[in-house]
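Going by the numbering used here, the residue at position 154 of the sequence shown is 1318; the numbering climbs one at a time, nothing skipped. For each residue, glycine too, the CB sits at the ideal point set by N, CA and C. Source: prediction; values computed, not measured. Structure, as structure tokens:
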Amino acid sequence: MSSVTAIASSSFVHATAVVDEGVIIGDGSRVWHFSHLGKGCRIGERCSLGQNVYVAPGVRIGSNVKIQNNVSIYEGVELHDDVFCGPSMVFTNVITPRSAFPRNTSAHYAKTIVKRGATIGANATIVCGHTIGEFGFVGAGAVVTHDVPPHAIVVGNPAKVIGYACTCGARLALEQGGAHCTGCAKLYRNIEGRLQAK
Ligand SMILES: CC(C)(COP(=O)(O)OP(=O)(O)OC[C@H]1O[C@@H](n2cnc3c(N)ncnc32)[C@H](O)[C@@H]1OP(=O)(O)O)[C@@H](O)C(=O)NCCC(=O)NCCS
């Protein structure tokens, strides 16, 4: 039986976008030119999906998520609230792909979780099976091959931690027992090696 697509009246889907059956698009979300939403995927509220974005069947995307042009969200990828995906960044979902040995069922897909508030810079690649922690920041062009700790800024190939970012995105200055934001001055305490806003 086919399921019904539900597009909130306050959301916008450009005429060139393709929306398959059973898709749910939350209030205030916008889907731009040539994007494709696969069967049964769910887009939260106030999201923006730029041009040529692909969301695979069944994928769930939180609220207030910004996905820039040319990004594909494959099965196995989870985007929590307030995530930012920069232009042309790349998710993966098969760790050892071979054309002659197809690994194209759910059982083959490794999970990638992008937690609340995280940013992935332009052209970065996330090797599947890893988690980007809350407010983690992946620099432009980075290749992520390990989990990214909460608030960590990672750059390079393979991506390494070069510092820590505030919820607002500015650098944190580390100090005894915690950190403060060099932008908005928010204070953090260091609890067992994890930064937590006060
Ligand atoms: C990672 C990032 C947030 C760091 O910004 P920052 O805190 O201002 O860091 P700085 O520019 O002071 O750079 C610090 C060092 O890291 C290096 N660096 C910064 N970004 C880098 C990146 N993406 N890849 C590799 N090295 C990087 C710098 O060259 C510098 O190295 P140096 O000390 O040897 O000179 C930023 O560079 C970045 O990549 N932002 C993402 C931009 C983007 O993709 N936007 C998409 C939407 S438009």
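Opening and closing residue of the beta strand (DSSP E) in which residue i lies
{"i": "Cys1345", "result": "1342 to 1345"}
{"i": "Ile1355", "result": "1351 to 1355"}
{"i": "Glu1209", "result": "Note, Glu1209: premise wrong, no beta strand (DSSP E); not H, not E."}
{"i": "Glu1185", "result": "Counting along the chain, Glu1185 falls outside any beta strand (DSSP E), and DSSP gives it neither H nor E."}
Rounded separation between residue i and residue j - CA only
{"i": "Glu1339", "j": "Lys1324", "result": "21 Å"}
{"i": "Cys1332", "j": "Thr1260", "result": "36 Å"}
{"i": "Gln1118", "j": "Gly1341", "result": "Since the first and last residues shown for the chain are 1165 and 1362, residue 1118 lies out of range."}
{"i": "Asn1354", "j": "Leu1243", "result": "26 Å"}
{"i": "Val1195", "j": "Cys1330", "result": "29 Å"}
{"i": "Lys1203", "j": "Gln1232", "result": "21 Å"}
{"i": "Ile1326", "j": "His1344", "result": "16 Å"}
Assigned exposure category for residue i - 16 Cβ within 10 Å defines buried
{"i": "Pro1266", "result": "exposed"}
{"i": "Ser1167", "result": "exposed"}
{"i": "Leu1351", "result": "exposed"}
{"i": "Met1165", "result": "Only weak support is given to the placement of Met1165: the predicted model assigns it a pLDDT of 49, under 50, and the question is left unresolved by the model."}
Residue i: CB within 7 Å of a non-hydrogen atom of ligand 1
{"i": "Pro1251", "result": "yes"}
{"i": "Ala1271", "result": "no"}
{"i": "Ile1296", "result": "no"}
{"i": "Arg1353", "result": "no"}
{"i": "Gln1232", "result": "yes"}
{"i": "Gly1300", "result": "no"}
{"i": "Val1319", "result": "yes"}
{"i": "Ala1337", "result": "no"}
Residue i - partner residues in DSSP beta bridges
{"i": "Cys1330", "result": "Note: Cys1330 sits in no beta bridge, so no partner."}
{"i": "Lys1324", "result": "Val1319"}
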